[in-house]
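Numbering (the working numbering), first residue to last: -17 to 308. Here the structure is laid out as structure tokens; the discussion comes afterwards.
Structure below.
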């Protein structure tokens, strides 16, 4: 089968379309003929050599796919997707390929009325945002700060937070992206090239924010802590700004605030299966009804994976990037 192989850790030019052996499903797994695969920041980190897959998982990139079930391993439950069923799957790896195997519980039927390319753009972001908003108990009436409002995560997190009844402040990389973030529900969109901390403080009249969804890590740590309101909660889901920062524990203590960090990829299969089920039940109806829109998608054929990664790294893209395999 075709698969994108990383020749050696490095830049997008290290991505090469190669022929590799087809995977075969093990106990509790299904085999999917992949029609499209989402491209995520984690893929870039893995390509660079900084985010290796969990033990026993293929080193082929790709954390989400859409496609059709073409086989079952032993011990797959009757309630699992049948051969011939279209599915969206959350993966620990392997999506940039013609076929992938995945635990059956990490598959869900797609929302009605969407095509394979759209399907491949919604699982990883939905699962990440929903699980982390639940984790820090984002509640109606709260003010939420979402970093990276024009990217894949932000394109879902903003309208979902609005759906929950929250006020959204977001940081973005340009005025064009600020306009986009406001168009999907952000009340305030701030260019992070300026003094975004001061602008968030002004936007909250000095109170701060109740919750922060952070993709930056170390670079924003001090500012994020400064901006947390009394009882505020922050969850770190990405490390684009580094892994080691300075944490003022006294400031955290005085606010009664909480900082936590999660990785969807390394959660146990049972946890990921539960998240996928929750997303299908709670989020797919929002896409079907139009309450939340499918993000803007930039699609590349599988043999242009290098260009897809270049587009994501450029920072110019809105929404999601998807590789098409048909």
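Yeah, the Cβ is synthetic: ideal placement off N, Cα and C, and Gly gets one too.
>> Measuring straight from C-alpha to C-alpha, what distance separates residue 179 and residue 195?
In response: Using only the alpha carbons, I get a separation of about 15 Å.
> Roughly how many angstroms lie between the CA atoms of residue 121 and residue 146, to the nearest whole one?
Replying inline: 7 Å
> Okay, do the segment 256 to 272 and the segment 80 to 95 touch, 3+ Cβ pairs below 8 Å being the bar?
Replying inline: yes
> Hey, how far is the Cα of residue 24 from the Cα of residue 74?
Replying inline: 11 Å
>> Give the list of continuous alpha helix (DSSP H) stretches no shorter than 4 residues that lie fully inside the segment 42 to 105.
In response: 98 to 101
>> Please tell me whether residue 137 and residue 278 are closer than 9 Å, where the distance is taken between their beta carbons.
In response: yes
> For the candidate residues 222, 199, 213, whose alpha-carbon lies nearest to that of residue 228?
Replying inline: Nearest to residue 228 by C-alpha distance, out of 222, 199, 213, is 199.
> Under the three-state reduction of DSSP, which class applies to residue 1: helix, strand or coil?
Replying inline: DSSP places residue 1 in strand when its eight states are reduced to three.
> Going by DSSP, which residues form a beta bridge with residue 20?
Replying inline: 304
> Can you tell me whether residue 192 is buried or exposed, with buried defined as 16 or more other CB within 10 angstroms of its CB?
Replying inline: buried
> Across which residues does DSSP place residue 15 in a beta bridge pair?
Replying inline: 50, 81
>> Please classify residue 17 as buried or exposed, where buried requires at least 16 neighbouring CB atoms within 10 angstroms.
In response: buried
> Looking at the structure shown, is residue 194 part of a helix, part of a strand, or coil, going by DSSP?
Replying inline: strand
> According to DSSP, which residues form a beta bridge with residue 173?
Replying inline: 154
>> Going by DSSP in three states, residue 9 sits in which element: helix, strand or coil?
In response: coil
> Assuming residue 113 contacts residue 246 under a Cβ cut-off of 8 Å, what Cβ separation, rounded to an integer in Å, is found between them?
Replying inline: 7 Å
>> Less than 9 Å between the beta carbons of residue 251 and residue 131, yes or no?
In response: no
>> Please classify residue 215 as buried or exposed, where buried requires at least 16 neighbouring CB atoms within 10 angstroms.
In response: buried
>> Assuming residue 241 is part of the alpha helix (DSSP H), what are its boundary residues?
In response: From DSSP, residue 241 is part of no alpha helix (DSSP H) but of the beta strand (DSSP E) over 240 to 243.
> What are the complete alpha helix (DSSP H) segments, minimum 4 residues, inside the segment 222 to 286?
Replying inline: 231 to 237, 251 to 264, 266 to 271
>> Please state the DSSP three-state secondary structure of residue 111.
In response: helix
>> Going by DSSP in three states, residue 127 sits in which element: helix, strand or coil?
In response: strand
> Buried or exposed: residue 255, going by 16 or more other Cβ atoms within 10 Å of its Cβ?
Replying inline: buried
>> In the DSSP output, what is residue -16 paired with across the bridge?
In response: 1
> With respect to the beta strand (DSSP E) encompassing residue 214, which residues constitute its N-terminal and C-terminal limits?
Replying inline: 210 to 218
> Counting along the chain, where does the alpha helix (DSSP H) carrying residue 185 start and finish?
Replying inline: 178 to 185
> Who pairs with residue 149 in a beta bridge, going by DSSP?
Replying inline: When DSSP reads this structure, residue 149 sits in a beta bridge with 125.
>> So, with DSSP's three-state summary, where would you put residue 134?
In response: Here residue 134 sits in helix by DSSP.
> Is residue 144 helix, strand or coil when you go by DSSP?
Replying inline: helix
> Near residue 107, which residues of its chain fall below 6 Å by C-beta distance, leaving aside the five closest residues on each side in sequence?
Replying inline: 134, 135, 138
> From -7, -1, 28, 85, pick the residue whose C-alpha is nearest to that of residue 6; which is it?
Replying inline: 85
>> Counting beta carbon pairs with one atom in the segment 27 to 36 and one in the segment -10 to 10, are three or more of them shorter than 8 Å?
In response: yes
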